[in-house]
Amino acid sequence: MTEVRDVMKELQSLGSAQTIKTYRNHGAHGDMYGVKLQDLKKIAKRLRGQQSVALELWDTNNSDAMYLASLVADGALMKTSQLNHWAKSAWWYLLSEHAVPSVAVENLKAAELALKWLASKSDHIVSSGWCTYSMLLSVRQDADLDLANVENLLRSIPGKIADAPNRVRYCMNSYVISVGGYVKPLLKTAKTIARQIGKVEVDVGATSCKVPVAWDYIAKIESMGRVGKKRKTAKC
Numbered sequence: 000m001t002e003v004r005d006v007m008k009e010l011q012s013l014g015s016a017q018t019i020k021t022y023r024n025h026g027a028h029g030d031m032y033g034v035k036l037q038d039l040k041k042i043a044k045r046l047r048g049q050q051s052v053a054l055e056l057w058d059t060n061n062s063d064a065m066y067l068a069s070l071v072a073d074g075a076l077m078k079t080s081q082l083n084h085w086a087k088s089a090w091w092y093l094l095s096e097h098a099v100p101s102v103a104v105e106n107l108k109a110a111e112l113a114l115k116w117l118a119s120k121s122d123h124i125v126s127s128g129w130c131t132y133s134m135l136l137s138v139r140q141d142a143d144l145d146l147a148n149v150e151n152l153l154r155s156i157p158g159k160i161a162d163a164p165n166r167v168r169y170c171m172n173s174y175v176i177s178v179g180g181y182v183k184p185l186l187k188t189a190k191t192i193a194r195q196i197g198k199v200e201v202d203v204g205a206t207s208c209k210v211p212v213a214w215d216y217i218a219k220i221e222s223m224g225r226v227g228k229k230r231k232t233a234k235c
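Heads up, the final residue of the sequence shown is numbered 235 in numbering that gives the first Met the number 0, and it's a clean run with no missing numbers.
Okay, here's the thing in structure tokens:
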């Protein structure tokens with residue numbers, strides 16, 4: 000059985016100051032070694048199936064270890080209490096908007112969790128809620144989705160996105176894109192909402208990142224004939 004302390008030593012050896020600098024520019028101010036994603040993926044392959052190790056890695060509170068945990072963990076095997084713990088303890092957006100949702104969507108109660116997180120008073124948990132639902136749309140067949148609920152969430156966005164917290168705005172915008180890109184029955188509605196919200200302003204810190212314009216992004220997916228094409232996994 001792999002020892003977490005050995006994994007942490009390996010992560011430390013793979014870290015780089017440049018990657019740390021990049022993450023700091025993105026607003027990450029906690030503990031990290033600065034390991035590149037491709038290196039994390041290599042380690043994840045070796046740790047596949049070691050659920051207890053994944054849970055321990057998350058609780059180190061080190062960003063690299065936490066993201067690695069999300070690549071190793073099987074969300075279908077996690078209790079909702081564990082996923083709630085992950086959502087609460089994700090301390091920057093790479094974790095709250097990518098790591099946590101990618102694991103949560105593997106759980107049968109993903110939609111229920113997403114709705115609970117959307118009602119949270121903590122911005123980062125709300126972001127996890129939007130991103131979890133967005134990822135759910137990308138991997139779950141339309142017949143297995145509550146399309147009425149998906150549409151209700153979509154229609155709620157124009158009235159509150161302008162006053163939403165910074166990263167929540169980004170996640171709402173992404174949700175509009177996900178509905179338009181992955182849920183063909185709601186394409187027309189998603190395009191209407193995309194027109195209404197227009198270009199969404201988000202402070203992306205000292206980076207060159209840009210916020211995608213939902214209308215343009217959906218139009219591109221449509222022009223490629225890829226509307227409704229689902230993904231095999233939300234993990235990347």
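C-beta: ideal position from N, C-alpha, C; glycine also.
The structure presented is a predicted model; accordingly, all values stated were derived computationally and were not measured.
Per-residue DSSP class, three states only, for residue i
i: residue 140; result: coil
i: residue 191; result: helix
i: residue 205; result: coil
i: residue 226; result: coil
i: residue 186; result: helix
i: residue 107; result: coil
i: residue 96; result: helix
i: residue 180; result: helix
i: residue 214; result: helix
i: residue 221; result: helix
i: residue 199; result: coil
Alpha-carbon to alpha-carbon, residue j and residue i
i: residue 41; j: residue 94; result: 19 Å
i: residue 174; j: residue 120; result: 19 Å
i: residue 96; j: residue 59; result: 19 Å
i: residue 117; j: residue 71; result: 25 Å
i: residue 227; j: residue 110; result: 19 Å
i: residue 86; j: residue 98; result: 9 Å
i: residue 172; j: residue 199; result: 7 Å
i: residue 22; j: residue 163; result: 24 Å
i: residue 236; j: residue 167; result: As displayed, the chain neither begins before 0 nor continues past 235, which places residue 236 out of reach and without an answer.
i: residue 38; j: residue 15; result: 12 Å
i: residue 45; j: residue 29; result: 26 Å
i: residue 20; j: residue 142; result: 44 Å
i: residue 51; j: residue 145; result: 32 Å
i: residue 129; j: residue 170; result: 6 Å
i: residue 91; j: residue 83; result: 16 Å
i: residue 135; j: residue 229; result: 10 Å
i: residue 176; j: residue 211; result: 9 Å
i: residue 4; j: residue 183; result: 46 Å
i: residue 9; j: residue 65; result: 14 Å
i: residue 88; j: residue 69; result: 13 Å
i: residue 47; j: residue 73; result: 9 Å
Beta carbon of residue i nearer than 9 Å to that of residue j
i: residue 157; j: residue 192; result: yes
i: residue 221; j: residue 186; result: yes
i: residue 81; j: residue 54; result: yes
i: residue 34; j: residue 56; result: no
i: residue 233; j: residue 101; result: yes
i: residue 225; j: residue 180; result: yes
i: residue 148; j: residue 202; result: no
i: residue 112; j: residue 79; result: yes
i: residue 62; j: residue 27; result: yes
i: residue 6; j: residue 67; result: yes
i: residue 189; j: residue 178; result: yes
i: residue 24; j: residue 197; result: no
i: residue 1; j: residue 49; result: yes
Cβ-heavy atom distance, residue i to the ligand MN, below 8 Å
i: residue 134; result: For the structure depicted, the ligand MN is absent and the ligand set is empty, with no information on it obtainable.
Fill in: Segments assigned alpha helix (DSSP H), at least 4 residues, entirely inside the region 111-177
As summarised for the region 111-177, the continuous alpha helix (DSSP H) elements at least 4 residues long and confined to that stretch are 122-138 and 146-155, given in chain order.
Practice prompt. Give, in chain order, every unbroken run of the alpha helix (DSSP H) that is at least 4 residues long and sits entirely within the region 3-89.
Written response: 3-13, 16-24, 36-46, 50-57, 62-71 and 79-88
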